[in-house]
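Numbering (the working numbering), first residue to last: 25 to 81.
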């Protein structure tokens, strides 16, 4: 039981560390923010045209 809790705590601590690194990167790098906006949110600039094609059968 205690070992399981300690392992879970270590995993959560690592997750927090990774998230902090990501936050710092987003604070410093506008390109990283743009990448997330494009890749994860599907946003585009108002001057861009997006072509979407249906999947091939």
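Note that the Cβ used here is the ideal one computed from N, Cα and C, for glycine as well. What you are looking at is a predicted structure, and each value in this text was computed from that prediction instead of being measured.
Following the DSSP letters along the chain, one finds residue 63 inside the alpha helix (DSSP H) bounded by residues 54 to 63. CA-to-CA, the gap between residue 26 and residue 33 works out to about 10 Å.
Separation of residue 38 and residue 76 (C-alpha to C-alpha, rounded to the nearest whole angstrom) is 38 Å.
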